[in-house]
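Numbering (the working numbering), first residue to last: 38 to 548. Glycine residues also receive a C-beta, built at the ideal position from the N, C-alpha and C atoms. Predicted model, so just to flag it, every value in this text is computed and none were measured.
Written out as structure tokens, the structure is:
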């Protein structure tokens with residue numbers, strides 16, 4: 038048993054962090070914080086062939102944007118470092134010696150051609166075994182079939198080799214998974230996995246086990262795709278004599294495509310127009326840019342709330358949860374076994390809810406830079422006020438400029454569909470009457486309440502249809518047919534601008 042809850046998120050820097058990876062990090066983080074434990078970030082960069090420049094920094098920036106705080110890691114430090122696998126070679130070299138010495142691992146000198154020949158031979162003979170394992174290793178070039186002197190002579194001569202794990206034959210391995218219950222596999226179904234590659238670096242399986250043990254990891258919470266590796270990892274703990282110190286395991290359900298069929302991929306996002314990465318990613322080789330949730334206009338709180346409910350549900354099935362509430366409610370026993378279908382529409386809904394309930398001054402911090410690009414020298418307090426008027430119509434932070442453009446500039450054109458529907462022969466005359474009414478109101482009384490009272494009084498007194506007056510009035514003010522409360526608009530843009538827009542509309546709108 039472990040004294041303290043310690044979990045790790047251990048991504049490989051082979052590209053941008055997919056939202057499935059972010060969810061894994063989030064579930065680890067929630068579990069750690071729920072149990073007053075530690076959340077570690079470990080970079081698993083032993084696969085140098087697939088290493089992508091900038092991916093490591095991208096992972097850290099993504100977690101930071103999400104509000105997932107790292108207790109131990111490359112930048113944070115800690116007592117169990119280094120936290121990057123490429124800096125832990127000496128540790129792995131020491132540990133592989135233990136397995137070589139106790140017969141759990143062995144040197145293998147087979148060339149790729151010889152391995153292909155083995156596979157072909159097994160296939161042609163109709164054998165049920167199709168892999169390098171206890172039944173076939175006796176036919177190959179390895180330290181089980183070669184004299185010890187020859188093995189060391191081959192190593193000395195610089196001949197390429199790998200170190201494989203000697204999987205025991207016909208042994209039943211049973212391990213408990215917190216989410217899936219008991220997982221039972223016969224060792225004959227496993228192959229003798231490579232633990233050290235010919236480049237002298239350990240594979241994921243070996244480094245992972247060594248690091249989890251040395252970093253005192255209490256729970257391994259990872260994606261479902263690692264479930265087939267679980268029996269091998271148990272055997273490795275056993276080979277080290279550490280089965281009693283093994284962490285507990287929990288394998289999370291897959292994130293599925295919006296159709297519910299198959300794993301969610303970047304291609305799904307490209308085809309259906311939604312991001313699958315937390316932040317925008319520029320491919321260092323091709324220069325291709327992939328959309329990110331941040332740049333697409335999502336609030337980080339909405340993003341992680343949406344992700345948390347993909348495969349997990351709190352007891353009361355509440356949907357809107359703060360990070361603190363998620364931590365309090367999180368329980369691995371309430372994580373689902375089956376895959377979680379991703380819904381772009383639901384992601385937008387979450388974001389809209391968060392936009393509506395986020396204070397206007399906080400939203401201003403997000404929105405102001407984009408507004409200033411389009412409308413320089415804008416007043417910050419004015420932007421904050423306008424946000425309050427339009428935010429219920431926004432699904433994304435990036436919707437602001439399109440929803441609120443008329444608060445910052447006089448319409449340059451008028452929506453032809455609205456013109457056709459709302460602008461009648463007698464409309465210019467009615468708009469002139471509205472102009473005259475508003476012109477008589479003193480500047481200091483040009484408020485939402487007072488202007489609304491005056492205009493509505495005029496409509497009632499003249500027995501006019503409200504829509505017949507107010508719809509074209511909105512058209513001259515905004516250039517279109519929608520938007521927030523009409524009299525909030527005119528009190529915001531002010532008397533001078535309101536009169537200018539009415540006059541312009543009368544002159545320029547033609548049926």
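At the level of alpha carbons, what is the spacing between residue i and residue j?
i, j, result
"residue 351", "residue 225", "40 Å"
"residue 261", "residue 372", "12 Å"
"residue 272", "residue 342", "37 Å"
"residue 298", "residue 381", "15 Å"
"residue 485", "residue 383", "35 Å"
"residue 241", "residue 521", "55 Å"
"residue 304", "residue 378", "16 Å"
"residue 74", "residue 528", "53 Å"
"residue 337", "residue 359", "11 Å"
"residue 448", "residue 495", "26 Å"
"residue 177", "residue 207", "20 Å"
"residue 446", "residue 490", "26 Å"
"residue 462", "residue 508", "14 Å"
"residue 175", "residue 113", "48 Å"
"residue 366", "residue 278", "36 Å"
"residue 39", "residue 105", "23 Å"
"residue 85", "residue 93", "13 Å"
"residue 464", "residue 500", "15 Å"
"residue 292", "residue 60", "9 Å"
"residue 412", "residue 237", "58 Å"
"residue 116", "residue 252", "9 Å"
"residue 536", "residue 472", "6 Å"
"residue 62", "residue 492", "56 Å"
"residue 181", "residue 138", "13 Å"
"residue 453", "residue 515", "13 Å"
"residue 369", "residue 154", "45 Å"
"residue 223", "residue 348", "29 Å"
"residue 96", "residue 50", "8 Å"
If you check the beta carbons only, do residue i and residue j fall under 8 Å apart?
i, j, result
"residue 57", "residue 227", "no"
"residue 316", "residue 306", "no"
"residue 275", "residue 232", "no"
"residue 438", "residue 407", "yes"
"residue 512", "residue 419", "no"
"residue 210", "residue 288", "no"
"residue 83", "residue 239", "yes"
"residue 2", "residue 517", "The shown model of the chain, from 38 to 548, leaves out residue 2, and the question about it has no answer."
"residue 108", "residue 136", "no"
"residue 254", "residue 68", "no"
"residue 417", "residue 395", "no"
"residue 212", "residue 311", "no"
"residue 164", "residue 198", "no"
"residue 188", "residue 229", "no"
"residue 404", "residue 424", "yes"
"residue 290", "residue 374", "yes"
"residue 159", "residue 99", "no"
"residue 131", "residue 244", "no"
"residue 143", "residue 179", "yes"
"residue 388", "residue 421", "no"
"residue 433", "residue 333", "yes"
"residue 391", "residue 339", "yes"
"residue 531", "residue 483", "yes"
"residue 146", "residue 101", "no"
"residue 468", "residue 526", "no"
"residue 356", "residue 346", "yes"
Any heavy atom of the ligand MG closer than 7 Å to the Cβ of residue i?
i, result
"residue 368", "In terms of ligand content, the structure shown is empty, and the ligand MG therefore cannot be addressed."
List the residues that DSSP assigns as beta-bridge partners of residue i.
i, result
"residue 288", "259"
"residue 179", "145"
"residue 222", "210"
"residue 75", "43"
"residue 150", "For residue 150, which the question treats as bridged, DSSP gives no partner whatsoever."
"residue 239", "233"
"residue 109", "77"
"residue 269", "None; residue 269 has no bridge partner."
"residue 201", "143, 231"
"residue 293", "300, 378"
"residue 372", "349"
Distance cutoff 8 Å, beta carbons only. Does residue i sit that close to anything in chain C?
i, result
"residue 205", "In the structure shown, chain C does not exist; there is a single protein chain."
**Prompt:** Pairing CB atoms from the region 84–100 with CB atoms from the region 38–45, are three or more of them under 8 Å?
**Reply:** no
**Request:** Would you list, in sequence order, the uninterrupted alpha helix (DSSP H) runs of no fewer than 4 residues that lie entirely inside the region 301–326?
**Result:** 303–309
**Item:** Uninterrupted alpha helix (DSSP H) stretches inside the region 391–477 (no shorter than 4 residues)
**Value:** 397–411, 417–427, 437–441, 453–459, 464–476
**Message:** Whether or not the region 119–130 and the region 247–265 are in contact is what I'm after, with contact meaning three or more pairs of Cβ atoms, one per stretch, closer than 8 Å; do they touch?
**Reply:** yes
**Asked** Which runs of the alpha helix (DSSP H) fall wholly inside the region 488–540 and span at least 4 residues, in chain order?
**Response** 503–515, 523–530
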